[in-house]
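Notes follow once the structure below has been shown.
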Amino acid sequence: MEVVMTNQETRKIIVAGPSREQLFDALRLRHEGRKISFTVEPMILQTNPQFKVKGEVFDAFIESIQVEDGSGNSWNLVLNMLGKRHRVYFNTLSRTGTLYVVPLLR
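Residue numbers (the working numbering): 28 to 133.
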């Protein structure tokens, strides 16, 4: 996998995402059009102190999942959003991570 890097690589912080089961189901059922949703900063607003965090939400197809550290909770992902591939680090225990906005080459 070759990564396109620029001096201005943009990262977005993922503040809410899928469970491990949802992540793997999205990969397994990709042929059925299964997508997963992630919520990213920068527009975090706490509208309800009980649990609601609002941010920019996006849906994506999972193209690949790679073990990051062997914990069973940390993953390196390749997502397809609007026909472009992006890399993501994601932790299914905390359901947080980092989206790297610079697209990957095919």
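Think of the CB as a built atom: it goes at the ideal place given N, C-alpha and C, for glycine as much as any other residue.
With a Cβ-Cβ cutoff of 8 Å, do residue i and residue j count as a contact?
{"i": "Val105", "j": "Arg38", "result": "no"}
{"i": "Ile63", "j": "Leu50", "result": "yes"}
In this structure, how does DSSP classify residue i when only helix, strand and coil are distinguished?
{"i": "Arg61", "result": "coil"}
{"i": "Leu56", "result": "coil"}
{"i": "Leu120", "result": "coil"}
{"i": "Glu95", "result": "coil"}
Who are residue i's beta bridge partners in DSSP?
{"i": "Phe88", "result": "Asn107"}
Could you say which of the options lies nearest to residue i if we only look at CA atoms?
{"i": "Glu83", "options": "Asp52, Glu68, Gly124 and His113", "result": "Glu68"}
{"i": "Gly110", "options": "Ser46, Leu56 and Ala87", "result": "Ala87"}
{"i": "Gly44", "options": "His58, Phe65 and Asp52", "result": "Phe65"}
For residue i, I'd like the list of residues in its chain whose CB is within less than 7 Å of its CB, leaving aside the five on either flank, ordered along the chain.
{"i": "Glu54", "result": "Per the sequence shown, residue 54 should be read as Leu rather than Glu. If we look at Leu54 and ignore the five residues flanking it on each side, its Cβ neighbours are Ile89 and Ile92."}
{"i": "Tyr116", "result": "Glu95, Asn103, Gly124 and Thr125"}
Leaving aside the five residues before and after residue i along the sequence, list all residues of the same chain whose C-beta is less than 6 Å from its C-beta, in chain order.
{"i": "Leu120", "result": "Asn100"}
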